[in-house]
Each structure stands twice: as C-alpha cells, then as structure tokens.
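Enquirer:
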Amino acid sequence: MKLAELENRELEGAISGNSRVVYNPYLESKKKRALDVLGACAVGLALLPGIIFALVGLSLQRGPVTFRHVRLGKGGRYFPCRKFRTMVVGADQKLKQLLEADPAARREWERDFKLKNDPRVTTVGRLLRRTSFDELPQLLNVLFGDMSLVGPRPIVDAEFSRYKGSGKYYLACKPGLTGLWQASGRSDVSYFRRVAMDRAYAEKASFCLDLKIIFLTAVAVLKFKGAY
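Numbering-wise (this note's numbering), the sequence shown opens with residue 1017 and increments by one.
1. T1082 by DSSP, collapsed to three states: which one?
2. So, with DSSP's three-state summary, where would you put F1129?
3. Tell me whether Y1039 sits in a helix, a strand or coil according to DSSP, three-state version.
4. Could you tell me whether the region 1117-1137 touches the region 1182-1195, where touching means 3 or more Cβ pairs closer than 8 Å?
5. Which partner residues does R1098 have in the DSSP bridge list?
6. For chain D, find out if any of its Cβ atoms is closer than 8 Å to the Cβ of V1086; answer yes or no.
7. Assign D1173 to buried or exposed, taking buried as 16 or more other Cβ atoms, counted over all protein chains shown, within 10 Å of its Cβ.
8. What's the call for I1229, buried or exposed, on a 16-neighbour Cβ count within 10 Å?
9. Following the continuous beta strand (DSSP E) through S1075, name the residue where it begins and the one where it ends.
10. Determine contact between the region 1051-1062 and the region 1128-1138, defined as no fewer than three beta-carbon pairs at a distance below 8 Å.
11. Beta-carbon within less than 7 Å of C1175's beta-carbon, same chain only, minus the 5 sequence neighbours each way: which residues are those?
12. Would you decide whether Q1154 is buried or exposed? Buried here means 16 or more other CB atoms lie within 10 Å of its CB.
13. Quick check: the Cα distance between C1189 and A1236, rounded to an integer number of angstroms?
14. If distances are taken between C-alpha atoms only, which option among D1108, I1171, L1232, F1223 comes closest to R1210?
15. Ignore the nearest five residues each way along the sequence and tell me which others in D1226's own chain have a CB closer than 8 Å to its CB.
16. Under 8 Å between the Cβ atoms of R1145 and V1158?
17. Counting only the same chain and skipping the five closest in sequence on each side, list residues whose C-beta sits under 6 Å from that of Y1207.
Next comes the structure, spelled out in structure tokens:
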C-alpha cells in the first residue's frame, strides 16, 4: 500500500471515529529493535561531521549545547527527549510573553504547538532545524530504548488530549526519530493529519514500511521540505 493511500484511509478513520486498535507484533519484535540499534549507529557515524559542526557552533553561544525535555512515551512512560538547543536561553519565558502580546501567535501555538516564525530560534538553531540536525541527539534515546527510529512524533503531556480516541494508538508505539508525517512533509503537515498518521503507523508498521519511511525522510531532509 502506498503511503498516500495509508494516510488518506486513516484520515477518514479519524473523522468517522470508527477505527479499531489492532495489535501489531512488529512493534515488539527483535527485527525492529535490531533496525533501531544498527540504524542509529550507522546514522550517527554517517552524520558525524554534522554533529561536530553543531557542537562547535552551539559551544560558541551562551547557554547549553543540548537540552532535555520530558516527553510521553510508550505505555504512558515519560522519558527525557534529547535535542540540540536551537533557542535562546529562557525560551519558555519568552514564549509566554510573546503569546500574551500577540493573539495571532497564540492562535498558531494553540493550533499547532509550534510557531512558523519563532523569534526564539537562534541563527545556528535555524540552520540545525532546517537540516533536522537538531534531532540527532535523539539517536541516544533510540539506543537507550526510549524511542525508535520510526514511530509517532514524541509529544508533551499537554498534547495528548488532542489525540482523543487516537491516544491509545500513540501509546502502543515507541515515539520515533522520524515517522509518516516527517516523510510526508514534516512541518507542512497539519496537526490533525499528523494524529491520523500516528494511528496509521501503529496499525500498519512493518520492516518494509520502516525502511520506506527512512528513505522518504532522507529525501525530504535533503530537499529542505517543510522544515522550520
């Protein structure tokens, strides 16, 4: 089945509310874990120059090089999700001030949990986001078993209510470094469609689908598709 067909079918399910949870043994398989470990090591080695660039660039700025943010994982277990820091120090306070002063930004944040033109993002951070290198520390999360190479996007606690009946699909998987939504347009995908894609992945995940998503994600990153 093509990715577009899979996405559209699950989008219809999100609207109708008639989807059923289907146990997917692949999510617990040794094959998926082997792909995670071997893939994370291979990606880390292949992108080592980019990792070094990020470390050097961020070390020249004020503040920590990386940060950890608590995310909701498989089975409702919380874990520290790692990323390269792309925002100014004190970003949370600056966000609060921005949302209080700018109604349009507040509506965008409430709709998508992100801002397309986020003034908190640094120059180096913008480059890291455009290339998705800011996500590379999550390779450690994959190796530690908190995440998988492919799965739903890791979310914060406040986002879980947006999943409604689809929340059980999210909790059935380890969050992924990439997934259907990244392979289909990254930040250009609406939040509602992203939820539908997370459910689609939980039901249809397979070794071949994982390989296809990894390949399409690489293509999207190289084209800078939907990155901000």
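For every residue, glycine included, the Cβ atom is placed at its ideal position computed from N, Cα and C.
Expert: The short version:
1. Strand, per DSSP.
2. coil
3. coil
4. no
5. R1084
6. Here there is only one protein chain, and chain D is not present.
7. With fewer than 16 other Cβ atoms within 10 Å, it is exposed.
8. Burial of I1229 is indicated by the presence of at least 16 other C-beta atoms within 10 angstroms of its C-beta.
9. Taken as a continuous stretch (DSSP letters only), S1075 belongs to no beta strand (DSSP E), being part of the alpha helix (DSSP H) at 1064-1075.
10. no
11. First, the amino acid is wrong: residue 1175 is Glu here, not Cys. Contacts found: F1129.
12. buried
13. 23 Å
14. Considering only D1108, I1171, L1232, F1223, the residue with the shortest C-alpha distance to R1210 is I1171.
15. Counting only Cβ-Cβ distances below 8 Å, and skipping sequence neighbours, we find K1048, L1051, L1165, V1166.
16. Remark: C-beta atoms of R1145 and V1158 do not approach each other more closely than 8 Å.
17. Closer than 6 Å at the Cβ level, and outside the excluded window around Y1207, lie D1128.
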